[in-house]
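Please read the structure below before turning to the comments.
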Amino acid sequence: GAVVSQHPSWVICKSGTSVKIECRSLDFQATTMFWYRQFPKQSLMLMATSNEGSKATYEQGVEKDKFLINHASLTLSTLTVTSAHPEDSSFYICSARIDRQNGYTFGSGTRLTVV
Amino acid sequence: GQQVMQIPQYQHVQEGEDFTTYCNSSTTLSNIQWYKQRPGGHPVFLIQLVKSGEVKKQKRLTFQFGEAKKNSSLHITATQTTDVGTYFCAVHYNFNKFYFGSGTKLNVKP
Chain A
565 GAVVSQHPSW VICKSGTSVK IECRSLDFQA TTMFWYRQFP KQSLMLMATS NEGSKATYEQ
625 GVEKDKFLIN HASLTLSTLT VTSAHPEDSS FYICSARIDR QNGYTFGSGT RLTVV
Chain B
53 GQQVMQIPQY QHVQEGEDFT TYCNSSTTLS NIQWYKQRPG GHPVFLIQLV KSGEVKKQKR
113 LTFQFGEAKK NSSLHITATQ TTDVGTYFCA VHYNFNKFYF GSGTKLNVKP
């Protein structure tokens, strides 16, 4: 079945550094990918919609200069958390639509801890 | 902004009891999807409902889409410990945005 491969699965970084998270669609092309953030015991909050070959669209309250999204190809979208702070520690997860009948498939998520 | 409300937030049941979670939207939905997220895992697609009044079953799970296409429910009959997890509904709104409900965390006591 359609799979989205997300890396890394976890990362610990120091405050002020940047972290890049990759999502690759395997065996299918994803013109659109969605990036979510999930804090403990909370729902997935949509951060931005990544569009291949064009700028991402960000949700209200999400800083586009802090969360850089690049979707340069039909199979790869990246999220870079720049100048990370402890409050950015969260579970980040990407998603892509398979087709109308089979919903969306999710990456395995990246647990980011900023110390 | 547009949101989908999901209740209850938590549900603790004894194994063998039934469980239901509900999602409500203030606007008419084109479709609604349901996902299950196990602790520490990522959401896994369960089903999509499209038609008004639609009812779909997957073994012990029954999914229903309201006549007005503004609400939906997921019912689990005779829960098992393997049903533990958080169940989310998810909907599309404008510009192909895909939002999740707040989720219902199910705990099943053996």
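Line by line, the protein sequences are chains A and B. Add 564 to a position in the first sequence, counting from 1, and you land on the number used in the working numbering. Add 52 to a position in the second sequence, counting from 1, and you land on the number used in the working numbering. No residue lacks a Cβ here, since even glycine has one placed at the ideal position from N, Cα and C.
Going along the chain, which residues of the stretch 86-111 of chain B sit with their C-beta nearer than 7 Å to a C-beta in chain A? His94, Pro95, Phe97 and Gln100
If you measure from the beta carbon of valine 567 (chain A) to each beta carbon in chain B, is any gap under 8 Å? no
DSSP-derived helix/strand/coil call for glutamate 651 (chain A): helix
Give every residue of the same chain whose Cβ lies closer than 7 Å to the Cβ of threonine 581 (chain A), excluding the five residues on either side of it in the sequence, and list them in chain order. Ala648
is_contact[phenylalanine 152 (chain B), chain A] using C-beta, thresh 8 Å: yes
Short Cβ contact (8 Å threshold) for threonine 613 (chain A) with arginine 661 (chain A): No; because the gap between Cβ atoms is not below 8 Å, this pair is not in contact.
6 Å Cβ shell around glutamate 616 (chain A) - same chain, five flanking residues per side excluded: Thr595, His635 and Leu638
Taking 6 Å as the limit between beta carbons, can you name the residues of its chain near threonine 138 (chain B), skipping five residues before and five after? The residues Gln89, Gly155 and Lys157, in chain order, have a CB closer than 6 Å to that of threonine 138 (chain B) in the same chain once the five nearest residues on each side in sequence are set aside.
Contact list for the stretch 606-619 of chain A against chain B, Cβ threshold 7 Å: Listed by position, the residues of the stretch 606-619 of chain A near chain B (Cβ gap below 7 Å) are Ser607, Leu608, Leu610 and Thr613.
Of all the CB atoms in chain A, is at least one closer than 8 Å to the CB of phenylalanine 117 (chain B)? no
Threonine 669 (chain A) at chain B interface by Cβ criterion, 8 Å: yes
Could you tell me which residues DSSP pairs with glutamate 616 (chain A) in its beta bridges? Residue pairing by DSSP places glutamate 616 (chain A) in no beta bridge whatsoever.
What's the C-alpha gap between serine 77 (chain B) and histidine 144 (chain B)? 11 Å
For aspartate 70 (chain B), does the three-state DSSP call read helix, strand or coil? coil
Are any of the Cβ atoms in chain B nearer than 8 Å to that of serine 672 (chain A)? Serine 672 (chain A) has a beta carbon lying within less than 8 Å of a beta carbon in chain B.
Would you mind reading off the limits of the beta strand (DSSP E) that contains phenylalanine 150 (chain B)? Here the beta strand (DSSP E) through phenylalanine 150 (chain B) covers 149-152.
Spatial distance of valine 690 (chain A) from leucine 640 (chain A) (CA atoms): Residue 690 (chain A) is absent from the structure shown; chain A starts at 565 and stops at 679.
Report back the beta-carbon spacing between methionine 609 (chain A) and tyrosine 622 (chain A) to the nearest angstrom; my notes put them in contact at under 8 Å. With 8 Å as the limit, methionine 609 (chain A) and tyrosine 622 (chain A) do not qualify as a contact, their Cβ atoms being about 12 Å apart.
Tell me the rounded alpha-carbon separation between lysine 122 (chain B) and threonine 80 (chain B). 5 Å
Cα-Cα separation between threonine 133 (chain B) and valine 102 (chain B), rounded to whole angstroms: 30 Å
Is the CB-CB distance between leucine 643 (chain A) and phenylalanine 631 (chain A) below 8 Å? yes
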